[in-house]
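Working notes, beginning with the structure itself.
Printed below as a string of structure tokens:
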């Protein structure tokens, strides 16, 4: 009888693990089963804002691999199947179908990959379950929001993080009046306040209202139970449609309830091979805590790239191979209207929390030679550790050509380069594509100067 | 009496040295004099194709700092002054004005920076001095070509390197029929043949004729001494205007004749502080040979970025400071019409010449998520050393968003990362800006797989 490789969760982390396992072991040796609560596999949640905006006409393009494709690869995908418990003694998972007409059934496993993803933070406020108040995590959410926006006039987005801003832009593109309500003092709290202020200006410049330091206290509804306004401590903001973009938490409950170790953020703890505290049980994706190489501590960062890489690593190790996930450094980018935003490493707040003494430097440059048509302003901020001179964080803000420059800084930070050394790296130059000194080099040099002074 | 800091050559290398020296020492302590043969200082030769193309209306924008601005910073810039000899015993340079009405005069120095740049390769062929045959190295060349193109119909570019291709595109944009004559089998000989073939297709797709493996034997002229055709061994190609883009060599003669060590490429040899073989004599820019960190040998690469960095280093060291230029890795990019091309590290030929056993992998990806509007194809090739797995070279070809990705590979190669390790780096992802796995990561993973198989 073949061994049984069971995956809980059919998105990036789980299906990467399943695909790798399948590739490494023949069907006679290994049965691969994936339980997915919803109706889709391997989809790009990051692409949902562009579907809502109407930039992508067909939501199917967001599905990297369909259940049928997985099945053609001899992966037994079971949609509408929710895993509600793990019995580590008997090596079984308890599975319930979501159509509700059957009880839980035990399914055995030899190797188990937990890839339960993240759960959106949903405030326990009056009216939060009203019609027209949307979560935005799954393909189904995306379709519901896309369809609901039609004919509406006023949207409110609660939360000014990446997804919140992307959804705000999407609805703006659909012709709605859009307001973002942010609890903190700036949008994108993972950026420093000075860079966040640039983002705030850009948002407002595109005609989106941005209300900071506002505490949402509830949602008003009409007689049909449809949302009519978002109530903050100060005022009521009319809304036909509301998007909750407050963030997500690792969905670690299933693992924790089974006795598998979870961390301070509620995510499953793993070693670098994605092994949990229990032999033969692995975890990958948004449900895990990941080692931050600069902060040197576990963090919870929900991102498809990490999920995909971790899933591969889990799939290789769970089938007797060796692979390691070396951790993250907090790299993230987005595009809001004509503006691109990127960050990597630590922000000032994160650096302080991790115990770094640091200096920073911020420069303004251009994406191309300043005289070349289409040259755009770009702001680059870098953080350097005080004694070592090591780069520990970077943020960029600008128009076309700005964001992807964060990858260069990420590679430098990954390699623990000093600002001094990075400032000398042989980066490319051609007037249509870059100034003589790339802005990342100028920022590094500026930081090295601050340290030397 | 103040010390005397003398610079030979008023472009990127020389004027960076002069500016740094000036910034570090007061005028009472240090006199800074720069002799420049031509009529301009600190200009962007790399920007000339865009002036010729008409994309930049005013050539003044290519001048980063004018002689007047340098003089305002108390740098004594002497235009039209050619240094024709160096007397290391007497610590003087012999200077002649280029207006021809005076003999050479000796000028003393305490510290000397040689920044004589590169000299274009000019084939000794019949008709090479005809009217309408243009070199393209200086601002004056750029103005002459720009003006001469007006009203012409047929241009021939001799040489298919970076500058040749950029000039070909420029004249195409001005409405001329353009032919590129290349001695080798492909344009851009610093790329591998497979990537060069992509460039060749792109050039032809924009309606430029490309003739490879053609040996130019002379230039035909009319009765007025104006070029009418470029003669190759096989045929005659009609031409109203001809651009020579065959390449450049370090202008090391002045140094060599004075007894200063030059290398195999004819460039001035320096240590990492840009010190020549003679105490108190420094060199920077296109006239020097530079240490290639991957090939581990001196190379001659004429590029404004290196000149600028080396000039700074020379200026700091020549005024009693400490700075080092850590070498190059052969990074270069360009944009030809809608296509972007980049390379870093070693090509296959260079890797073989440097004694590397290597494997390569080439992948095709997209610049954005494949479903996102505006996603463009990108080809990434990487070379890895066989035993160590270390990345030793990379080339990219694609449309918008392709070229600058070479900087990430450059930073990885600079840090001697293996393909395996680089494939795990936390690079950024957002559908409008990148696929889930950046193409550079996919290429590295592919190369790691080749090594493992």
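Residue numbers (our numbering), protein chains in the order written: chain A, 334 to 786; chain B, 334 to 786. All C-beta atoms in this analysis are idealised placements derived from N, C-alpha and C, irrespective of residue type, glycine included. The structure displayed is predicted, hence computed values, not measured ones.
Exercise for the section: Please compile the residues from chain B whose C-beta is within a distance smaller than 7 Å of the C-beta of residue 782/A. Expected result: Result: empty, since nearest Cβ-Cβ is about 12 Å, beyond 7 Å.
Handout entry: Option nearest residue 734/A by Cα separation, candidates 715/A, 716/A, 698/A, 754/A
Key = 698/A
Problem - Identity of the residues DSSP links to residue 553/B by a beta bridge - result: 562/B
Problem - Stretch pair the region 353 to 366 of chain A + the region 644 to 659 of chain A: three plus CB contacts closer than 8 Å - result: yes
Practice task
Given a cut-off of 9 Å, decide if residue 577/B and residue 456/B are closer than it, judged by their beta-carbon atoms.
Solution key: yes
Practice task
Inspect the CB distances between the region 626 to 637 of chain A and the region 683 to 692 of chain A and report whether three or more fall short of 8 Å.
Solution key: yes
Exercise for the section: Indicate whether at least one CB of chain B lies closer than 9 Å to the CB of residue 720/A. Expected result: No, its Cβ sits nowhere closer than 9 Å to a Cβ of chain B.
Exercise for the section: Could you tell me the distance, in whole angstroms, from the CA atom of residue 491/A to the CA atom of residue 612/A? Expected result: 41 Å
Handout entry: Selected residue, minimal CA-CA separation from residue 472/B, among 378/B, 743/B, 527/B
Key = 378/B
Practice task
Measuring only between beta-carbons, confirm whether residue 760/B sits less than 9 Å from chain E.
Solution key: This model lacks chain E altogether, as its protein chains are A and B.
Handout entry: Cα-Cα separation between residue 365/B and residue 642/B, rounded to whole angstroms
Key = Distance between the alpha carbons of residue 365/B and residue 642/B is about 19 Å.
Practice task
Select from the region 372 to 392 of chain A all residues with a C-beta closer than 8 Å to any C-beta belonging to chain B, and list them in chain order.
Solution key: For the region 372 to 392 of chain A, which is checked against every Cβ of chain B, the residues closer than 8 Å are 377, 379, 380, 383, 388, 389.
Exercise for the section: Quick one: using the 10 Å Cβ neighbour count with 16 as the cut-off for buried, is residue 483/A buried or exposed? Expected result: exposed
Exercise for the section: Give a yes or no on whether the C-beta atoms belonging to residue 524/B and residue 674/B are separated by under 9 Å. Expected result: yes
Handout entry: Residue-level contact to chain A via CB, residue 693/B, 9 Å cutoff
Key = no
Exercise for the section: Ignore the nearest five residues each way along the sequence and tell me which others in residue 338/A's own chain have a CB closer than 6 Å to its CB. Expected result: 354, 363, 365, 444
Exercise for the section: Express the C-alpha separation of residue 751/A and residue 537/A in angstroms, rounding to a whole number. Expected result: 36 Å
Practice task
Assuming residue 710/B contacts residue 701/B (C-beta within less than 8 Å), just tell me the rounded distance between them.
Solution key: Incorrect: roughly 11 Å between the Cβ atoms, too far for contact.
Problem - Residues, ordered as in the chain, of the region 664 to 676 of chain A that lie near chain B by beta-carbon distance below 7 Å - result: Among the residues of the region 664 to 676 of chain A, those with a Cβ less than 7 Å away from any Cβ of chain B are 664, 665, 666, 667, 668, 673, 675, in the order of the chain.
Problem - Cβ neighbour criterion (16 or more within 10 Å) applied to residue 401/A - result: exposed
Exercise for the section: Anything in the region 493 to 521 of chain B with a Cβ closer than 9 Å to a Cβ of chain A? List those residues in chain order, please. Expected result: 495, 499
Problem - DSSP three-state assignment for residue 393/B, whether helix, strand or coil - result: helix
Practice task
Determine the burial state of residue 579/A: buried for a count of at least 16 other Cβ atoms within 10 Å of its Cβ, exposed for fewer.
Solution key: buried
Practice task
Inspect the beta-carbon positions of residue 606/A and residue 646/A and report whether they are closer than 9 Å.
Solution key: yes
Practice task
Using a Cβ-Cβ cut-off of 9 Å, state whether residue 750/A counts as contacting chain B.
Solution key: yes
Exercise for the section: Indicate whether at least one CB of chain B lies closer than 9 Å to the CB of residue 639/A. Expected result: yes
Exercise for the section: For residue 636/A, decide whether its Cβ has a neighbour in chain B, counting only Cβ atoms nearer than 9 Å. Expected result: So yes, residue 636/A belongs to the interface.
Handout entry: Pair within 9 Å by beta-carbon distance, residue 617/B and residue 603/B
Key = It is a contact, given that the beta carbons lie within the stated cut-off.
Handout entry: Other residues of its chain near residue 529/B: CB distance less than 7 Å, five sequence neighbours each side excluded
Key = 519, 520, 521
Exercise for the section: With DSSP as the reference, label residue 439/A as helix, strand or coil. Expected result: strand
Exercise for the section: Could you check which residue in 768/A, 485/A, 451/A, 448/A has the C-alpha nearest to that of residue 466/A? Expected result: 485/A
Practice task
Return no unless some Cβ of chain A is closer than 9 Å to the Cβ of residue 724/B.
Solution key: no
Practice task
Measuring only between beta-carbons, confirm whether residue 487/A sits less than 9 Å from chain B.
Solution key: no
Handout entry: Chain-ordered neighbours of residue 704/A on chain B, where CB pairs are closer than 7 Å
Key = Ordered by position in chain B, the residues that pass the 7 Å Cβ test against residue 704/A are 380, 389, 394, 395.
Problem - Beta-bridge pairing of residue 674/A - partner residues as DSSP gives them - result: 667/A, 730/A
Problem - Nearest-angstrom beta carbon gap, residue 573/B and residue 488/B [assumed within contact, 8 Å] - result: 7 Å
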